[in-house]
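Counting in this note's numbering, the sequence shown runs from 1 upward without gaps. Just so you know, even glycine gets a beta-carbon here, dropped at the ideal spot from N, CA and C.
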Amino acid sequence: MLRRLRAAVHAASNICFPSACLSSVSCAAESASASSSHPQSSSRRMARPTALLSARSIIKGFALMVSIVATHAFAQDSGPAPADGVYDMQVGTYTGGKSGGVHVYRFDTKTGDATRVSVAQTVNPSYLVVSRDRRFVYAVNELPGDNGPATQRGGISAFRFDAASGQLTFLNKVSSDGNDPCYLSISPDGKYLLTANYSVAADPGGSFAVFPLQDDGQVGASVLTVHHEGGGPVKGRQDNSHLHSTVFSPDGHYLFAQDLGTDKLYSYRHTPDGSRGLFGPTDWRYTQEKAGTGPRHLVFGADGKHAYLTSELAGTVSTFDYNDGKLTQVQTIPLVEPGFKGAVGGSAIHLSPDGRFLYASNRGDANDIVIFSVDPTNGHLKKIGHQSSLGKSPREFAIDPTGKWLIVGNQLSDTMYDVRIQARPSLDR
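Dropping the structure here:
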């Protein structure tokens, strides 16, 4: 079933379900109510058991980026799921229009209904992440933006989250030590917060910064900032470094920083005890991607042996074997079908809670979610279908903890849809 949450939404990038952030779609809504249904979008030959079958609009009116956070544990966590199936959904937004900041909803996984509970005012919270104990929420303040001065730095804001009332309380804000922070991650021990600064400034270009997290949830000033240099062949997009994500390896020993501008996946050794510095470059320093591909977001498979990457400029998903800090590329699949004419833009990437399926969003002229099955024997992907995002520029999406719903935010059409994920033996269209 395809539905839209009606609301006023301006630029979103992240949706979270406070046990963990699944993705980054931000949207803000003023009212949430079930809307009229829409025809199912075409889905190309589904040979495996899962398909995005239909969706409904749940939010409309702000430019979107979605991040869903849940107050209860995700399927892969050890905590109990709520008996009523209702999770808290937190949505980050751009605030140049009607949106106020981070919006909190009650999301019913039995029905797909969302009810807005509160909103926390902050500027351009386009990406969110939740602390391990689910008591705190952290948001980037994506500044200066395309038209702002390069001298203006972005920010990181901290909030306390009260699950009972659904309220966010502002704690503090620090500089992100870079331009346009667009991603957040928390170290495995929960002691540090990291951000990727995309950067619109030619000097010093993209960077990532490391911030200590205090016991009361506040963020300390950065203790480390790492700048990257260089660029790629795509003029206007790769004129300098553009960090797009910072992802820890499953074993917690390494950090990978995906650089869209230089076509590199930088790797850093993580030593929490400080014996070799908190973060230091590995001997091999980076994994080189094909020139002009623009690596964006990286996720690891449930077994910790494989990783998957979206390349924004090439519009592809790549599969890697992972072993002790090293990524070996074994497969690359285009997000579009042969003969597709138009612009592409690989964006968000997420696995289903059971790890059997992988989803990636494609912007440009495609505007869809691409569905892959995951081979459990070797981690390889097989493309099994497409689902229209029913809007323009599906920058981000999230999968709820039960694995029943995919929530996608269309940034340029200011809409967010929740899409029911159903298992079926086959689907041919």
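Requested in this report: Could you tell me if residue 418 is buried or exposed, where buried requires 16 or more neighbouring beta carbons within 10 angstroms of its beta carbon?
Outcome: As a working note, residue 418 is residue 418 in the sequence shown. By the neighbour-count rule (16 or more Cβ atoms within 10 Å), residue 418 is buried.
Query raised in the report: Just reading off the beta strand (DSSP E) that residue 297 is part of, what are its end residues?
Result: By 1-based counting over the sequence shown, the position of residue 297 is 297. Unbroken beta strand (DSSP E) run through residue 297: 295–300.
Query raised in the report: From residue 291 to residue 336, what distance separates their C-alpha atoms?
Result: Residue numbering aside, residue 291 sits at position 291 when the sequence shown is read from its first letter. Residue numbering aside, residue 336 sits at position 336 when the sequence shown is read from its first letter. C-alpha separation (whole angstroms): 19 Å.
Requested in this report: Measure the alpha-carbon distance for residue 358 versus residue 186 and round it to whole angstroms.
Outcome: Indexing the sequence shown from 1 puts residue 358 at position 358. Indexing the sequence shown from 1 puts residue 186 at position 186. Distance between the alpha carbons of residue 358 and residue 186 is about 23 Å.
Query - Nearest-angstrom Cβ-Cβ length linking residue 206 and residue 305, presumed shorter than 8 Å - result: Position 206 of the sequence shown, counted from the first residue, corresponds to residue 206. Position 305 of the sequence shown, counted from the first residue, corresponds to residue 305. Not quite, the Cβ-Cβ distance comes to about 29 Å (not below 8 Å), so this is no contact.
Report task. Have a look at the DSSP bridge pairing and note the partners of residue 340. Result -> Start at 1 with the first residue of the sequence shown, and residue 340 comes out as number 340. Beta-bridge pairing links residue 340 to no other residue.
Query raised in the report: By how many angstroms is the C-alpha of residue 353 removed from the C-alpha of residue 393?
Result: Within the sequence shown, the letter at position 393 stands for residue 393. Within the sequence shown, the letter at position 353 stands for residue 353. Their backbone Cα atoms lie some 24 Å apart in a straight line.
Requested in this report: Ignore the nearest five residues each way along the sequence and tell me which others in residue 239's own chain have a CB closer than 6 Å to its CB.
Outcome: Here residue 239 corresponds to residue number 239 of the sequence shown, with the count starting at 1. For residue 239, where only same-chain residues beyond five positions count, the Cβ hits under 6 Å are 231.
Requested in this report: Look up residue 396 in the DSSP assignment and say whether it is helix, strand or coil.
Outcome: For the purposes of this step, residue 396 is taken as the residue at position 396 of the sequence shown. In the structure shown, residue 396 sits in a strand (DSSP, three-state: E or B).
**Report entry** Collapsed DSSP secondary structure at residue 418 in the structure displayed
**Finding:** For the purposes of this step, residue 418 is identified with residue 418 of the sequence shown, where counting begins at 1. Residue 418 falls in the strand class under three-state DSSP.
Requested in this report: Identify which residue in 254, 202, 222 has its Cα closest to the Cα of residue 149.
Outcome: To locate residue 149, count along the sequence shown from 1; it is residue 149. Out of 254, 202, 222, 202 has the C-alpha closest to the C-alpha of residue 149.
Report task. Report the option in 254, 328, 214, 260 whose CA atom is closest to the CA atom of residue 229. Result -> Reading the sequence shown from its first residue, position 229 is the one you call residue 229. When each option's Cα is compared against that of residue 229, the closest is 260.
Report task. Can you tell me which of the three DSSP states residue 334 falls into? Result -> For the purposes of this step, residue 334 is taken as the residue at position 334 of the sequence shown. The answer is strand: DSSP assigns residue 334 an E or B state.
Requested in this report: Note down, in chain order, each residue of its chain lying with its Cβ closer than 8 Å to the Cβ of residue 372, except the 5 sequence neighbours on either side.
Outcome: In the sequence shown, residue 372 corresponds to position 372, counting from 1. Contacts found: 317, 333, 357, 358, 359, 360, 381, 382, 383, 384.
Requested in this report: For residue 313, collect the residues of the same chain with a Cβ closer than 7 Å to its Cβ; drop the 5 residues on either side in sequence, then sort them by chain order.
Outcome: The count along the sequence shown starts at 1 and reaches residue 313 at position 313. Taken in chain order, the residues that qualify are 234, 237, 292, 293, 294.
**Report entry** For residue 210 and residue 194, believed in contact at Cβ under 8 Å, the rounded distance
**Finding:** Here the question's residue 194 lines up with position 194 in the sequence shown. Here the question's residue 210 lines up with position 210 in the sequence shown. The pair is a contact, with the Cβ atoms about 5 Å apart (cut-off 8 Å).
Query raised in the report: How about residue 342: is its Cβ closer than 7 Å to a heavy atom in the ligand COA?
Result: Among the components modelled here there is no ligand, and therefore nothing to report on the ligand COA.
Report task. Could you tell me the distance, in whole angstroms, from the CA atom of residue 472 to the CA atom of residue 166? Result -> The chain is shown only over 1 to 429; residue 472 falls outside these bounds and no answer can be derived.
Requested in this report: Compute the distance between the beta-carbons of residue 254 and residue 285, then report whether it is under 8 Å.
Outcome: Residue mapping note: residue 254 aligns to position 254 of the sequence shown, counting from 1. Residue mapping note: residue 285 aligns to position 285 of the sequence shown, counting from 1. No, they are not a contact pair.
Query raised in the report: Since residue 198 is in the beta strand (DSSP E), which residue starts that stretch and which ends it?
Result: Position 198 of the sequence shown, counted from the start, is the residue given in the question as residue 198. Careful: residue 198 lies outside any beta strand (DSSP E) and carries neither H nor E.
Report task. Run the CB neighbour count on residue 264, radius 10 Å, all protein chains shown included, and call it buried at 16 or more, exposed below. Result -> For the purposes of this step, residue 264 is identified with residue 264 of the sequence shown, where counting begins at 1. Classification for residue 264: buried.
Report task. Enumerate in chain order the residues of its own chain whose CB-to-CB distance from residue 135 is below 8 Å, with the five nearest sequence positions on each side excluded. Result -> Your numbering for residue 135 matches position 135 in the sequence shown. So the list reads 160, 161, 217, once near-sequence residues are dropped.
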